[in-house]
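This report concerns only the one structure given below.
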Amino acid sequence: MIRKIPLIFVSLFVVCVNAAQKPNIIFIFADDLGYGDLGCYGHPYAKTPSLDQLAREGTRFTQAYVTGVTCCPSRTGMMTGKYPATFAKYMSDHGFGDRVTITELLKKNGYRTGHFGKWHIGPKTENGTYGIDVINGNKRDTKDRATRGRDAYIIDTAIEFLEANAKKDKPLYMNVWGHITHFPVQPPKAFSDQFKDVVVDESKFNSTMREKFQHCRELRGDIDEGMRNYLGDVWNMDAGIGRLLKKVDELGLRKNTIVVFSSDHGPAPVKLGGGRNEAPSRIDAARNMLGSPGIYRGGKHTQFEGGVRVPFIVRWPGHVPAGRVNESSVISFIDWLPTICKLTGTKNTAPNLDGENVSDIWLGANRTRTKPLFWRVGNVNARPAVRVGDWKYYQYNSKQTGPMLYNLAEDPGEKRNLVKEKPQVVHRLTGMINDWIATLPKEYTKPNKQKKRDKKK
11 MIRKIPLIFV SLFVVCVNAA QKPNIIFIFA DDLGYGDLGC YGHPYAKTPS LDQLAREGTR
71 FTQAYVTGVT CCPSRTGMMT GKYPATFAKY MSDHGFGDRV TITELLKKNG YRTGHFGKWH
131 IGPKTENGTY GIDVINGNKR DTKDRATRGR DAYIIDTAIE FLEANAKKDK PLYMNVWGHI
191 THFPVQPPKA FSDQFKDVVV DESKFNSTMR EKFQHCRELR GDIDEGMRNY LGDVWNMDAG
251 IGRLLKKVDE LGLRKNTIVV FSSDHGPAPV KLGGGRNEAP SRIDAARNML GSPGIYRGGK
311 HTQFEGGVRV PFIVRWPGHV PAGRVNESSV ISFIDWLPTI CKLTGTKNTA PNLDGENVSD
371 IWLGANRTRT KPLFWRVGNV NARPAVRVGD WKYYQYNSKQ TGPMLYNLAE DPGEKRNLVK
431 EKPQVVHRLT GMINDWIATL PKEYTKPNKQ KKRDKKK
């Protein structure tokens with residue numbers, strides 16, 4: 011637990027920050043990385059020295075959430091401060107419509123903006139989209155991924171953007187969104203060899219992971235080899251982030267730069283969709299999908315804690331407390347837009363936001379959030395979930411899964427369903443969900459699953 015800091019002092023501090031030089035912001039987003047996949051989040055075998063150091067230099071949160079259970083919805087909530095379910099048209103196919111993005115607001119506040127790596131938030135990728143000056147930088151040959159890893163070119167272009175703009179009088183905002191650890195995990199042998207001595211002790215992992223180990227075996231895989239490959243991919247990601255942070259220091263930007271690292275949702279399952287027709291290379295890669303949700307249940311595609319609770323590290327020297335672990339404050343990427351606006355002194359003109367300003371929490375305050383967190387995909391028949399305080403409620407009604415209620419403070423692994431024991435809580439949270447659903451679109455356009463254009467952009 012963390013020591014409480016009077017909110018009045020935090021609020022005064024934020025005002026002082028806004029009046030001073032505007033901070034740079036570097037937001038590093040991993041893809042499908044599990045809550046428990048970093049050394050500083052308890053993985054028994056991972057080597058993540060750069061991110062572990064970032065955590066020691068900043069604050070590490072243990073109750074941070076994403077807004078969606080897959081890539082596009084998660085990124086949508088972060089960019090707009092609106093729940094993905096509020097968009098009637100699927101965002102990857104149609105963009106954000108008239109919704110305001112954080113990059114547009116920062117651009118109006120004098121920021122030089124850049125986006126490097128995965129896109130997956132609309133059909134347009136030209137410079138200027140969503141107020142982003144540079145999207146993915148110079149197009150480059152990525153054949154060197156066989157020796158340097160699949161995200162090396164993303165770090166290269168991000169560094170180029172830093173070098174080109176560090177000496178100018180405009181503050182910087184950068185999205186650095188990697189592909190690691192999205193399927194397929196097939197790192198160069200030199201990376202997996204960093205873990206050649208790893209022999210998996212299944213007792214170090216929870217039931218979700220043990221199921222994944224069994225699925226790996228069903229694909230005739232070796233869990234030791236699969237784990238070594240997965241950890242090699244994570245190690246390569248960490249090395250690239252270390253290279254980027256080193257450049258921040260070399261350019262003298264550390265002191266006035268907010269660096270945030272997180273993941274877009276939980277780890278992917280060890281499964282394939284094509285059955286017997288799957289290519290051998292895809293089966294080989296599927297055996298390596300051994301990302302860990304830590305102590306939590308579920309992963310990607312699920313609303314369970316392992317699907318929506320993610321690592322979240324923020325560093326801002328002299329402002330964000332160093333070496334702190336915040337275990338009590340619930341934050342979400344739905345809060346990103348109002349929080350960044352506050353920290354940068356940016357006028358927030360985005361109407362009807364679903365998130366709240368949690369800048370005081372980033373800066374050391376220990377308080378309860380004021381808004382609930384909701385999850386639902388863009389389908390009128392989809393199953394919703396809500397978190398309020400310590401309660402997590404799933405309004406499910408299928409034959410396989412009825413409604414579920416868990417007290418996360420007492421049962422973080424979501425093992426004891428309290429629906430029958432706490433009918434008053436169920437009634438209250440059901441009302442909150444129903445009120446929220448009443449505000450959502452009454453019909454949705456289906457995602458165009460045939461479009462692959464921005465999958466790897």
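Here the sequence shown stands for residues 11 to 467, numbered as in our numbering.
C-beta atoms are modelled at their ideal positions from N, C-alpha and C, and glycine is treated no differently.
Note that the structure is a prediction, hence the values are computed from the model and not measured.
Contact between serine 202 and asparagine 239 holds: their C-beta atoms lie close to 5 Å from each other, under 8 Å. The alpha-carbon separation between phenylalanine 37 and valine 269 amounts to approximately 6 Å. Sixteen is the threshold: when 16 or more other Cβ atoms of the shown chains lie within 10 Å of the Cβ of histidine 225, as they do, the residue is buried.
Assignment of proline 321 by DSSP, reduced to helix, strand and coil, places it in the strand class. For the pair of segments examined, the stretch 368-379 was found to touch the stretch 336-343: the number of CB pairs separated by less than 8 Å reaches three. Between the stretch 150-169 and the stretch 182-201, the count of Cβ pairs shorter than 8 Å is three or higher; the stretches touch. Contact annotation: the stretch 94-107 touches the stretch 130-138, with at least three C-beta pairs closer than 8 Å. The Cβ-Cβ distance between glycine 252 and valine 318 does not fall below 8 Å. Of the candidates His125, Leu439, Thr135 and Asn246, the residue whose Cα lies closest to the Cα of glutamate 170 is His125. Leaving aside the five residues that flank leucine 61 on each side, the residues in its chain whose CB is nearer than 7 Å to its CB run, in chain order, Leu48, Cys50, Asp248, Ile251, Phe271 and Ile323.
Burial is judged here by how many other beta carbons sit within 10 angstroms of a residue's own beta carbon; glutamate 420 has fewer than 16 and is exposed. Between glycine 68 and methionine 299, the alpha-carbon positions lie close to 29 Å from each other. When the five nearest sequence neighbours on each side are left out, the beta carbons in the same chain lying within less than 8 Å of the beta carbon of valine 330 are those of Gly68, Thr69, Ile268, Val324, Trp372, Leu373 and Gly374, in order along the chain. Between aspartate 42 and threonine 191, the C-beta gap is smaller than 8 Å, which places the two residues in contact. Taking a C-beta distance under 8 Å as the contact criterion, lysine 409 and proline 327 do not qualify as a contact pair. With contact defined as three or more Cβ pairs closer than 8 Å, the stretch 202-219 and the stretch 179-193 are not in contact.
Along the length of the stretch 287-343, whole beta strand (DSSP E) runs at least 3 residues long occupy 319-325 and 334-336, reported in chain order. In the structure shown, the three-state DSSP call for tyrosine 51 is helix. Listed in chain order, the beta strand (DSSP E) elements of length 3 or more contained wholly in the stretch 130-167 amount to none. The beta-bridge partner set that DSSP reports for valine 270 consists of Phe37 and Val324. Under DSSP, glycine 127 takes part in a beta bridge, and its partners are Trp187. Counting the other CB atoms within 10 Å of its CB gives arginine 438 a total below 16, which places it among the exposed residues.
DSSP places leucine 254 in the uninterrupted alpha helix (DSSP H) bounded by 233-260. With contacts defined as CB atoms closer than 8 Å, threonine 90 and serine 84 fail to qualify as a contacting pair.
Less than 8 Å divides the Cβ of arginine 386 from the Cβ of alanine 95. The alpha-carbon separation between glutamine 63 and aspartate 445 amounts to approximately 43 Å. Lysine 310 counts as buried, since no fewer than 16 other beta carbons sit within 10 angstroms of its beta carbon. Rounded to the nearest whole angstrom, the CA to CA distance from glycine 308 to valine 398 is 20 Å. The stretch 365-436 contains, as complete beta strand (DSSP E) runs of 3+ residues, the segments 383-385, 395-398, 401-404 and 414-417 (chain order).
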